[in-house]
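Residue numbers for the sequence shown follow my numbering, so the first one is 30 and each next one is one higher. Glycine is no exception: its CB is placed at the ideal position from the N, C-alpha and C atoms. Bear in mind the structure is a predicted one, so any value in this text is a computation, not a measurement. First up is the structure itself, then whatever we jot down about it.
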Amino acid sequence: MLLRLCLLLLTLLTLPATAPPEPGLTERNFQPLFDKYGLRGSLLLYDAKAGKYVAYNPKRCRQGFIPASTFKIPNTLIGLETGALRDTAEICKWDGVKRSFPQWNEDMTYARALRVSCVPCYQQLARRVGVARYQQQLRRLGYPGMQVTAATLDTFWLGGPSRLTSFEQIAFLRRLQAEKLPVALRHQRAVKQLLVLRQTPAYTFCGKSGWRFRSATNRDIGWFVGWLARPDGRTIFFALNAETQPDHVADERFQTGRRAIVEQALAELGWMQ
30 MLLRLCLLLL TLLTLPATAP PEPGLTERNF QPLFDKYGLR GSLLLYDAKA
80 GKYVAYNPKR CRQGFIPAST FKIPNTLIGL ETGALRDTAE ICKWDGVKRS
130 FPQWNEDMTY ARALRVSCVP CYQQLARRVG VARYQQQLRR LGYPGMQVTA
180 ATLDTFWLGG PSRLTSFEQI AFLRRLQAEK LPVALRHQRA VKQLLVLRQT
230 PAYTFCGKSG WRFRSATNRD IGWFVGWLAR PDGRTIFFAL NAETQPDHVA
280 DERFQTGRRA IVEQALAELG WMQ
């Protein structure tokens, strides 16, 4: 009996401790907002002044997903910093291939390419940057989880094993917003300006969407990431990740719902008035 008690005590002492709740994180149920648009997913908000997170579905916030077109943010910075992109006014020539998004079927500046999420334009840029410079610059930027090879050079942010969590999205955006990335200041400011979606006396709202398209094995996955800057010095960062319900395809609610959920959550918390 004594031997059994000793073995039990030894087992209990060697078990890993239960992880304590993450400091500065409050859970909030935003499921009604997701239901409104027929989506399911997660939303992570970070109040920089208070140093606190608000999370809906924190487990999913820690799960990695392909960044899709949210990668256009670091991609533009890398293009500018390496000289592969002269400036955001540089024209990307349409390759003549008609695609299902009509706004992609024309010549455009890279400033517009980011705003309309023109995948072919950024694939052209990727081939100019090259594998070695991506690997180097991604390490410098502290942008984790990206796997770039010669075979996936112009698709690695759209499919494959590259993954980024909502916490990692916000960590990167915080450094960009504060202009503390190891990138020329003029490049950081140029990209920040492209992310401005709305400016009012009460706030500046910046963001970028992302969409990993449905395939035979995957549902549509969407992102909306960015920040809300207020004149009182308070900045709220956000990272929404959402997917369609099983057996549903992405429709207008998917396309508009990602941003709408974030805006309604910010308003609900009193941060966007």
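query, result
"Supposed contact pair LEU143 and LEU223 - C-beta distance, whole angstroms, cut 8 Å", "5 Å"
"Boundaries of the beta strand (DSSP E) in which LEU73 is found, first to last residue", "68–76"
"Rounded separation between LEU202 and ASP261 - CA only", "20 Å"
"PRO50, DSSP secondary structure in three states", "Confidence is the limiting factor: at PRO50 the pLDDT is only 46, short of 50, which leaves the residue's position unreliable and the question unanswerable from this model."
"Per DSSP, cross-strand counterpart(s) of TRP256", "CYS235, PHE266"
"Spatial neighbours of ARG156 in its chain, beta-carbon cut-off 8 Å, leaving aside the 5 residues before and after", "LEU182, ASP183"
"Endpoints, the alpha helix (DSSP H) within which LEU170 is located", "160–170"
"Sufficient close CB pairs (3 or more, under 8 Å) joining the stretch 224–243 to the stretch 252–267", "yes"
"Touch test, the stretch 64–83 against the stretch 224–231, Cβ-Cβ under 8 Å, three pairs minimum", "no"
"Segment limits, alpha helix (DSSP H) that includes GLN198", "195–206"
"Beta-ladder partner(s) of LYS81, from DSSP", "ASP76"
"ARG227 - containing beta strand (DSSP E), residue span", "225–228"
"Nearest-angstrom Cα separation, counted from ILE199 out to ARG215", "21 Å"
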